[in-house]
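Read the sequence shown against our numbering and you will find it ends at 411, with the numbers running on by one and no gaps.
Just so it is clear, CB atoms sit at the ideal spot from N, CA and C, and this is done for glycine as well.
A quick note: this is a predicted structure, and the numbers were derived from the prediction, not measured.
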Amino acid sequence: MAKPLSLASALVLAAGLAAYSCSCSNKKQAASGQQQPQYYPTEVVHTTEATLTQTFAATIRGEIDVDIMPRLDGYIKNIYVDEGAVVKKGQKLFSIDAPSAVQGLATAQAALYSAQADLNTAQLNVDRMRPLAEQNIISNVQLLTYQNQYESSRASLAQAQANLAQAQATAGWATVTSPVDGVVGSIPFRLGSLVTSATVLTTVADISNVFAYFSLNEKELLELLARYPGRTQQEKIDNMPDVTLTLADGTRYPYTGKIETITGVIDTSTGSATLRAEFPNPIGTLRSGTSGQITIPRTVKGVIVIPQKATFQQLDKTLVYMVQGDSVVQAIIGVEAMPDGQSYAVTDGLSDGQRIVTDGVATLVNGEKISLQPPSQTLAGTDSTATTRR
Numbered sequence: 022m023a024k025p026l027s028l029a030s031a032l033v034l035a036a037g038l039a040a041y042s043c044s045c046s047n048k049k050q051a052a053s054g055q056q057q058p059q060y061y062p063t064e065v066v067h068t069t070e071a072t073l074t075q076t077f078a079a080t081i082r083g084e085i086d087v088d089i090m091p092r093l094d095g096y097i098k099n100i101y102v103d104e105g106a107v108v109k110k111g112q113k114l115f116s117i118d119a120p121s122a123v124q125g126l127a128t129a130q131a132a133l134y135s136a137q138a139d140l141n142t143a144q145l146n147v148d149r150m151r152p153l154a155e156q157n158i159i160s161n162v163q164l165l166t167y168q169n170q171y172e173s174s175r176a177s178l179a180q181a182q183a184n185l186a187q188a189q190a191t192a193g194w195a196t197v198t199s200p201v202d203g204v205v206g207s208i209p210f211r212l213g214s215l216v217t218s219a220t221v222l223t224t225v226a227d228i229s230n231v232f233a234y235f236s237l238n239e240k241e242l243l244e245l246l247a248r249y250p251g252r253t254q255q256e257k258i259d260n261m262p263d264v265t266l267t268l269a270d271g272t273r274y275p276y277t278g279k280i281e282t283i284t285g286v287i288d289t290s291t292g293s294a295t296l297r298a299e300f301p302n303p304i305g306t307l308r309s310g311t312s313g314q315i316t317i318p319r320t321v322k323g324v325i326v327i328p329q330k331a332t333f334q335q336l337d338k339t340l341v342y343m344v345q346g347d348s349v350v351q352a353i354i355g356v357e358a359m360p361d362g363q364s365y366a367v368t369d370g371l372s373d374g375q376r377i378v379t380d381g382v383a384t385l386v387n388g389e390k391i392s393l394q395p396p397s398q399t400l401a402g403t404d405s406t407a408t409t410r411r
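Laid out in structure tokens, this is it:
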């Protein structure tokens with residue numbers, strides 16, 4: 022007769038049988054290959070209208086940028102402004118110590134005095150000889166000689182006056198003034214620096230309006246011009262939308278600009294054309310020489326907008342998973358980035374009404390079956406209720 026099992030032995034045996042049963046059940050399910058398809062969020066896509074953008078690096082220049090150069094050689098005697106100062110047209114910027122100009126002025130003044138004295142002498146001779154000629158005491162030939170000397174002295178005086186005016190103008194060049202209203206750039210020279218007529222003392226930029234210069238290659242330029250109506254290039258430019266400017270710190274400039282010109286010649290070294298957009302600069306935020314990015318918007322009809330996370334890359338191709346029945350298939354699409362940085366405008370490869378997987382595509386494979394229904398939340402709700410009751 023078999024000995025009865027103790028309570029402890031019975032519990033161990035029951036646990037072993039339960040584990041064996043569970044193991045067998047799992048192996049049977051794995052062997053049959055029956056697993057529930059995983060849920061993936063999907064979306065039916067539709068065509069719409071979208072605003073796309075193109076961005077190009079730009080250089081900012083003042084509406085007028087003038088290099089300030091002395092018109093004579095010498096040493097810097099005074100600097101009347103500081104870097105970044107706002108100046109008016111005609112305001113003094115520098116003075117140049119130019120001894121040659123001072124000497125030239127003194128020489129011209131002395132020559133004028135001499136010419137005036139010669140003219141006075143010639144006038145006296147004519148006045149003295151005319152009565153004698155009238156009384157036939159001297160010949161008319163002698164009188165004409167004195168009259169010719171007088172005319173020659175008059176010409177010499179006129180020449181001396183012109184030389185003096187030139188010397189005064191040259192001496193005036195010792196004071197360098199601003200030719201325009203604007204802002205003073207850097208001043209690399211200091212008092213006592215030797216400068217010549219080829220030296221750039223500073224730059225004065227009129228920045229009440231600024232120009233943003235940017236380049237497009239030949240293909241981009243042709244595509245840009247083809248988007249807008251007009252028979253001539255200027256008509257197409259007039260129909261182009263306003264552009265925006267992003268500053269170097271990533272902030273957007275609050276005023277929009279307008280493309281005004283396109284160079285008529287393609288640069289053969291770079292294969293690009295330069296465009297110029299003008300922006301107002303009422304408070305002087307933009308400075309000549311700074312950089313930024315020009316953004317040109319364009320409206321496109323009949324495109325499909327999808328989230329970027331719905332796509333994946335293979336080599337240089339962009340793909341999505343399209344839903345066909347309860348399975349997914351890969352599809353190559355053409356895309357352009359949207360301004361929000363999180364979406365794509367699909368230009369090719371998808372049609373209105375098709376369904377795509379919108380998230381989790383990194384875990385999918387081509388032909389995999391998926392569930393279109395989200396998992397049930399019943400169990401979680403029951404647990405929550407039980408906890409509340411406790």
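- Of the residues Leu245, Ser392, Tyr134 and Ala298, the one whose Cα lies closest to the Cα of Ile81 is Ala298.
- Here DSSP, grouped into helix, strand and coil, assigns Met150 to helix.
- The criterion of a C-beta distance shorter than 8 Å is not satisfied by Ala352 and Val344.
- The beta carbon of Arg273 is closer than 7 Å to those of Thr265 and Thr267 in its chain, skipping five residues each way along the sequence.
- For Met343, the pairing in a beta bridge is given by DSSP as Val350 and Ile377.
- One Cα belongs to Asn302, the other to Val321, and the distance between them is close to 31 Å.
- Straight across, the Cα-Cα distance linking Val350 with Asn238 is about 37 Å.
- Distance from the Cα of Ile208 is smallest, within the candidate group Asp369, Tyr365 and Met90, for Met90.
- Taking a C-beta distance under 8 Å as the contact criterion, Asp263 and Thr282 do not qualify as a contact pair.
- Going by DSSP, Leu243 is part of no beta strand (DSSP E) but of the alpha helix (DSSP H) stretching over Glu239 to Ala247.
- Per DSSP, Val367 is one residue of the beta strand (DSSP E) stretching across Ser364 to Asp369.
- Here Tyr171 is buried, its C-beta having at least 16 other C-beta atoms within 10 Å.
- Selection Ser218, Ile228, Gln59 and Tyr61 evaluated against Tyr96 yields Ser218 as nearest (Cα-Cα).
- Bounds of any alpha helix (DSSP H) do not take in Asp86; it lies within the beta strand (DSSP E) bounded by Thr68 to Ile89.
- Annotated three-state conformation of Asp202 is coil, per DSSP.
- Around the CB of Ile158, fewer than 16 other CB atoms lie within 10 Å, so the residue is classed as exposed.
- In chain order, Thr339, Tyr365 and Val367 place their CB closer than 6 Å to the CB of Val356, counting only its own chain and leaving out the 5 sequence neighbours on each side.
- Following the DSSP letters along the chain, one finds Gln189 inside the alpha helix (DSSP H) bounded by residues Asn161 to Gly193.
- Residue pairing by DSSP puts Gln334 in a beta bridge opposite Thr339.
- For Glu389, there is no enclosing beta strand (DSSP E), since its DSSP letter is neither H nor E.
- Counting the other Cβ atoms within 10 Å of the Cβ of Tyr134 gives fewer than 16, which makes it exposed.
- In the same chain as Thr295, and ignoring 5 residues on each side of it, the C-beta atoms closer than 8 Å to its own belong to Tyr234, Phe235, Ser236, Ile283, Thr284 and Asp288, in chain order.
- Bounds of the alpha helix (DSSP H) holding Asp259 are Gln254 to Asp259.
- For Phe115, the enclosing beta strand (DSSP E) begins and ends at Lys113 to Asp118.
- Ranked by Cα distance from Leu371, the first of Glu389, Thr332 and Asn146 is Thr332.
- In the DSSP assignment, Gly323 falls within the beta strand (DSSP E) that extends over Ser312 to Pro328.
- The region 97-111 and the region 159-170 do not touch, with fewer than 3 CB-CB distances between them shorter than 8 Å.
- A contact between stretches requires three or more CB pairs, one per stretch, nearer than 8 Å, and the region 129-146 meets this requirement with the region 175-187.
- Across the set Leu153, Arg252, Gly111 and Arg92, the C-alpha of Gly111 shows the shortest separation from the C-alpha of Val201.
- A Cβ-Cβ distance of about 5 Å is found for the pair Ala192 and Ala122, placing them in contact under the 8 Å criterion.
- By the neighbour-count criterion, in which a residue is buried when 16 or more other Cβ atoms sit within 10 angstroms of its Cβ, Val286 is exposed.
- Per DSSP, Thr272 lies in no beta strand (DSSP E) and is assigned neither H nor E.
- Secondary structure of Glu155 (DSSP, three-state): helix.
- A residue is called buried when at least 16 other Cβ atoms come within 10 angstroms of its Cβ; Gly346 does not meet this threshold and is exposed.
- Judged by DSSP secondary structure, Leu296 falls within the beta strand (DSSP E) whose first and last residues are Ser293 to Pro301.
- Asp139 carries a helical assignment under DSSP once its states are collapsed to helix, strand and coil.
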